[in-house]
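Enquirer: Mind having a look at this structure? Questions to follow.
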Amino acid sequence: MTQTVPIPHGLPMERDAGPFDPPREISRLREARPVSPMVFPDGHEGWLVTGYDAVRQLMADTRFSSRQDLGILHVPYETPGMPVATEPSPQIPGLFIAMDPPDHTRLRRLLTGAFTVKRMKQLEEHIIDLTERQLDEMARLTPPVDLVKEFALPVPSLVICELLGVPYADRETFQVNSAKFLVKDQLLDEKMAAYGAMTTYLAELVTRKRAEPGDDLLSDLAGQDDLSIEELVGIAFLLLLAGHETTANMLALGTFALLEHPEQLAELRADPDLMPDAVEELLRYLSVADIFYRYATEDIDLGGETIGKGSTVVVSLLAANHDPQRFDNPDTLDIHRETRGRLAFGHGIHTCLGQQLARIEMRAGFEGLLRRFPALELAIPADEVKLRTDMNIYGVHELPVTWTETAR
Numbered sequence: 117m118t119q120t121v122p123i124p125h126g127l128p129m130e131r132d133a134g135p136f137d138p139p140r141e142i143s144r145l146r147e148a149r150p151v152s153p154m155v156f157p158d159g160h161e162g163w164l165v166t167g168y169d170a171v172r173q174l175m176a177d178t179r180f181s182s183r184q185d186l187g188i189l190h191v192p193y194e195t196p197g198m199p200v201a202t203e204p205s206p207q208i209p210g211l212f213i214a215m216d217p218p219d220h221t222r223l224r225r226l227l228t229g230a231f232t233v234k235r236m237k238q239l240e241e242h243i244i245d246l247t248e249r250q251l252d253e254m255a256r257l258t259p260p261v262d263l264v265k266e267f268a269l270p271v272p273s274l275v276i277c278e279l280l281g282v283p284y285a286d287r288e289t290f291q292v293n294s295a296k297f298l299v300k301d302q303l304l305d306e307k308m309a310a311y312g313a314m315t316t317y318l319a320e321l322v323t324r325k326r327a328e329p330g331d332d333l334l335s336d337l338a339g340q341d342d343l344s345i346e347e348l349v350g351i352a353f354l355l356l357l358a359g360h361e362t363t364a365n366m367l368a369l370g371t372f373a374l375l376e377h378p379e380q381l382a383e384l385r386a387d388p389d390l391m392p393d394a395v396e397e398l399l400r401y402l403s404v405a406d407i408f409y410r411y412a413t414e415d416i417d418l419g420g421e422t423i424g425k426g427s428t429v430v431v432s433l434l435a436a437n438h439d440p441q442r443f444d445n446p447d448t449l450d451i452h453r454e455t456r457g458r459l460a461f462g463h464g465i466h467t468c469l470g471q472q473l474a475r476i477e478m479r480a481g482f483e484g485l486l487r488r489f490p491a492l493e494l495a496i497p498a499d500e501v502k503l504r505t506d507m508n509i510y511g512v513h514e515l516p517v518t519w520t521e522t523a524r
């Protein structure tokens, strides 16, 4: 590379380009040097990958390890002045997102059948029914209301609870602790306390399901003799966390984005058949699960750079999904866009297992919300919406909305 750009010290995270765009510094780095050296707060050197082609290549290359027990993968770069992790994290049983083959292959194979397109389609009518019932509840309220609390969080929580066999009555416990676990700026003891509360709860749950199985995914997994209780807990933790946090934030942030793009919203209301394409574009445009870590297990050429063995590599899916080398006018929301190849669900062996489920929930959620609330609007100025810049999954903390009429 012939271009000279400043080496970032820490990862630029400030959403200074607007609530839906990558940080300006991230975009500048991508344009100048899609694979950039960076320095972590503790002084160790690594790499930041922001270009679409480089991100896609990296995520398909298993020489970039996802394991947490190799090198320094989880550095709290967002928290200057706080202690920095200098020791590898122990590998957590069952947490297959942080594993490499063959361990990853073994656990993922057990779950693949539960998340097939066919099986998800069979759930679609039920998901639509759950969505409509939640919209009924919301319609009974007097606006303004918080869309996160009354719609965006309950819908995916209901769905994942039913799928996994987690009592919905326990939702407050796991929602509070999963939110605490995802906070960036917190002491490790606080994060581990939230994690410990969730895993203690899940250990009791999967133990009961092994003794008295029901008609749900965790019971099916508990019937696998080669899975330990510890592995079942790790799998349950990952599915429960990812299954409601990501979709909830897509529903809330996606609604915010549509309300801020009234011409796109009007088109979508006029032609609901555009919804599948709109969901794909919102996934690309928002990329709520943005930052991922990898660890180079050998010297690897990537984007004209040599990533040395042992290097920590930070990947930005948001930057890649806004790369003008791949998408025309990428910082523009366009529900007619051809989004094939977008990386919102990752790429390679760690591509999101629940992506079809998420799509169904988002289509049902946005379609029902726009139909039932034709006069939906923000109840506060857009610049007062509380963004989740302090969380590892992006979105909004609250989205106060109002309306003057509802439809059936």
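Taking my numbering, the leading residue of the sequence shown gets 117, the next gets one more, and so forth. Where a beta carbon is used, it is the ideal one built from N, C-alpha and C, also for glycine. In this text the structure is predicted, and so the values were computed from the model without any measurement.
Nearest by alpha-carbon distance to aspartate 444: which of Asp336, Tyr401, Lys325 and Glu240 is it?
Expert: Here the question's residue 444 lines up with position 328 in the sequence shown. It is Tyr401 whose Cα lies nearest to the Cα of aspartate 444.
Enquirer: Just mark leucine 369 as buried or exposed, buried being the case when its beta carbon has 16 or more other beta carbons within 10 Å.
Expert: Walking along the sequence shown from the start, residue 369 turns up at place 253. Looking at its Cβ environment, which holds 16 or more other Cβ atoms inside 10 Å, leucine 369 is buried.
Enquirer: Excluding sequence positions up to five away, which residues of its chain have a Cβ less than 7 angstroms from the Cβ of glycine 439?
Expert: By 1-based counting over the sequence shown, the position of residue 439 is 323. First, the amino acid is wrong: residue 439 is aspartate here, not glycine. Arg146, Gly167, Tyr168 and Pro446.
Enquirer: Does the Cβ-Cβ distance between glutamate 514 and isoleucine 243 come in under 9 angstroms?
Expert: Looking up residue 514 in the sequence shown gives position 398. Looking up residue 243 in the sequence shown gives position 127. In this structure, isoleucine 243 does not lie closer than 9 angstroms to glutamate 514 by Cβ.
Enquirer: From glycine 427 to alanine 148, what does the alpha carbon distance come to, in whole angstroms?
Expert: Reading the sequence shown from its first residue, position 311 is the one you call residue 427. Reading the sequence shown from its first residue, position 32 is the one you call residue 148. Reading the sequence as shown, one finds serine at residue 427 and not glycine. C-alpha separation (whole angstroms): 21 angstroms.
Enquirer: Let me know if alanine 491 comes out buried or exposed under the rule of 16 or more other beta-carbons within 10 Å of its beta-carbon.
Expert: Walking along the sequence shown from the start, residue 491 turns up at place 375. It counts as exposed.
Enquirer: Just to confirm, are phenylalanine 180 and isoleucine 423 a CB contact at a threshold of 9 angstroms?
Expert: Counting from 1 along the sequence shown, the entry for residue 180 is found at position 64. Counting from 1 along the sequence shown, the entry for residue 423 is found at position 307. Going by C-beta atoms, phenylalanine 180 is nearer than 9 angstroms to isoleucine 423.
Enquirer: Let me check understanding here. Comparing Cα to Cα, which of Leu485, Asn508 and Pro139 lies closest to leucine 263?
Expert: In the sequence shown, the residue the question calls residue 263 occupies position 147. With distances taken between Cα atoms, leucine 263 lies closest to Leu485.
Enquirer: What's the C-alpha gap between proline 388 and glutamate 396?
Expert: Sequence index remark: in the sequence shown, residue 388 carries index 272 (1-based). Sequence index remark: in the sequence shown, residue 396 carries index 280 (1-based). Going by the C-alpha atoms only, they are around 14 angstroms apart.
Enquirer: For the segment 216-280, list the alpha helix (DSSP H) runs that are entirely contained and at least 4 residues long, ordered along the chain.
Expert: As far as the segment 216-280 is concerned, its whole alpha helix (DSSP H) runs of at least 4 residues are 219-228, 233-255 and 270-280.
Enquirer: Considering Cα atoms alone, identify which of Val165, Gly134 and His160 is closest to glycine 420.
Expert: One-based indexing of the sequence shown puts residue 420 at position 304. Minimum Cα distance to glycine 420 is reached at Val165.
Enquirer: Which residue's Cα is closest to the Cα of glutamate 483: Asp158, Ala309 and Thr371?
Expert: As a first step, residue 483 is located in the sequence shown; it is residue number 367 there, counting from the start. Of the listed residues, the one whose Cα sits closest to glutamate 483 is Thr371.
Enquirer: Under the DSSP definition of a beta bridge, which residues are partnered with alanine 412?
Expert: The residue labelled residue 412 in the question sits at position 296 within the sequence shown. Partner(s): Phe180.
Enquirer: Do leucine 494 and proline 517 count as a contact pair if the criterion is CB distance below 9 angstroms?
Expert: On the sequence shown, residue 517 is found 401 positions in, with the first residue counted as 1. On the sequence shown, residue 494 is found 378 positions in, with the first residue counted as 1. With the sequence shown as reference, residue 517 is identified as valine, and proline is not the correct amino acid for it. Yes; because the gap between Cβ atoms is below 9 angstroms, this pair is in contact.
Enquirer: Drop a sphere of 10 angstroms on the beta-carbon of arginine 284, count the other beta-carbons inside from all chains shown, and report buried for 16 or more, exposed for fewer.
Expert: Working through the sequence shown from its first residue, we reach residue 284 at position 168. Rather than arginine, the amino acid found at residue 284 in this sequence is tyrosine. Tyrosine 284 is exposed by the Cβ-count criterion.
Enquirer: Is it true that the CB of proline 150 sits closer than 9 angstroms to the CB of alanine 170?
Expert: Counted from its first residue, the sequence shown places residue 170 at position 54. Counted from its first residue, the sequence shown places residue 150 at position 34. Yes, Cβ-Cβ distance for alanine 170 and proline 150 is below 9 angstroms.
Enquirer: Quick one, which of Trp519, Met507, Pro329 and Pro218 has its alpha-carbon nearest phenylalanine 297's?
Expert: The residue you call residue 297 lines up with position 181 of the sequence shown. Nearest C-alpha to phenylalanine 297: Met507.
Enquirer: Suppose only complete runs of 4+ residues qualify. What are the alpha helix (DSSP H) ranges in the segment 324-364, listed by chain order?
Expert: Whole alpha helix (DSSP H) segments, 4+ residues: 333-338.
Enquirer: Using DSSP with H/G/I as helix, E/B as strand and the rest coil, what is threonine 289?
Expert: Position 173 of the sequence shown, counted from the first residue, corresponds to residue 289. In this structure, threonine 289 counts as helix in the three-state DSSP scheme.
Enquirer: Less than 8 angstroms between the CB atoms is what I'm expecting for leucine 384 and leucine 390, so what's the real figure, rounded?
Expert: As a working mapping, residue 384 is identified with position 268 in the sequence shown. As a working mapping, residue 390 is identified with position 274 in the sequence shown. With a Cβ gap of about 6 angstroms, leucine 384 and leucine 390 count as contacting.
Enquirer: Quick one: residues in its chain with C-beta nearer than 8 angstroms to the C-beta of leucine 174, no 5 flanking neighbours on either side, listed in chain order?
Expert: Position 58 of the sequence shown, counted from the start, is the residue given in the question as residue 174. Once the five neighbours on either side are set aside, the close Cβ partners of leucine 174 are Val165, Phe180, Arg410, Leu418, Val429 and Val431.
Enquirer: Counting C-beta neighbours from all protein chains within 10 Å, is the total for methionine 308 16 or more, i.e. buried, or is it exposed?
Expert: Here residue 308 is taken as the residue at index 192 of the sequence shown, counted from 1. Exposed: under 16 other Cβ atoms inside 10 Å.
Enquirer: So, with DSSP's three-state summary, where would you put leucine 164?
Expert: For the purposes of this step, residue 164 is taken as the residue at position 48 of the sequence shown. Here leucine 164 sits in strand by DSSP.
Enquirer: For isoleucine 213, does the three-state DSSP call read helix, strand or coil?
Expert: Working through the sequence shown from its first residue, we reach residue 213 at position 97. Isoleucine 213: helix per DSSP, three-state reduction.
Enquirer: Spatial neighbours of proline 128 within its chain, please: CB distance less than 6 angstroms, with the 5 preceding and 5 following residues excluded, ordered by chain position.
Expert: Position 12 of the sequence shown, counted from the start, is the residue given in the question as residue 128. Within the same chain, proline 128 has close Cβ partners Pro139, Glu141 and Ile142.
Enquirer: Are tyrosine 510 and valine 404 close, meaning C-beta to C-beta below 9 angstroms?
Expert: Translated into the one-based positions of the sequence shown, residue 510 becomes position 394. Translated into the one-based positions of the sequence shown, residue 404 becomes position 288. Closer than 9 angstroms, so yes.
Enquirer: Glycine 339 and arginine 326: beta carbons closer than 9 angstroms?
Expert: Here the question's residue 339 lines up with position 223 in the sequence shown. Here the question's residue 326 lines up with position 210 in the sequence shown. Contact: yes.
Enquirer: Keeping to the same chain, check which residues put their C-beta closer than 6 angstroms to that of aspartate 137; ignore five residues upstream and five downstream.
Expert: Taking the sequence shown and counting its residues from 1, the one referred to as residue 137 is at position 21. Excluding sequence neighbours, aspartate 137 sits near Asp447.
Enquirer: Spell out a yes or no on whether the segment 301-317 and the segment 247-260 are touching, meaning 3 or more CB-CB pairs, one atom from each, closer than 8 angstroms.
Expert: Cβ pair count under 8 angstroms is below three, so no.
Enquirer: Residues in its own chain within less than 7 angstroms of threonine 289 by CB, not counting five upstream and five downstream?
Expert: Translated into the one-based positions of the sequence shown, residue 289 becomes position 173. Closer than 7 angstroms at the Cβ level, and outside the excluded window around threonine 289, lie Tyr317.
Enquirer: Once the 5 residues before and after leucine 257 are set aside, which same chain residues still bring their CB inside 7 angstroms of it?
Expert: Locating residue 257 in the sequence shown gives position 141, where the first residue counts as 1. The residues are Glu266.
Enquirer: Ends of the beta strand (DSSP E) at proline 153?
Expert: Here residue 153 refers to the residue found at position 37 of the sequence shown. That run of the beta strand (DSSP E) goes 151-155.
Enquirer: If serine 182 sits next to alanine 214, beta carbons under 8 angstroms apart, how far is it from one beta carbon to the other, in whole angstroms?
Expert: Against the sequence shown, residue 182 aligns to sequence position 66. Against the sequence shown, residue 214 aligns to sequence position 98. Serine 182 to alanine 214, Cβ: 5 angstroms. Contact.
Enquirer: When you compare only the Cα positions, how much space is there between proline 196 and glutamate 130?
Expert: Here residue 196 refers to the residue found at position 80 when the sequence shown is read from its first residue. Here residue 130 refers to the residue found at position 14 when the sequence shown is read from its first residue. For proline 196, the predicted structure reports a pLDDT of 33, less than 50, and the residue's modelled location is therefore unreliable. A value from the coordinates is still provided. Taking the straight line from one Cα to the other gives about 14 angstroms.
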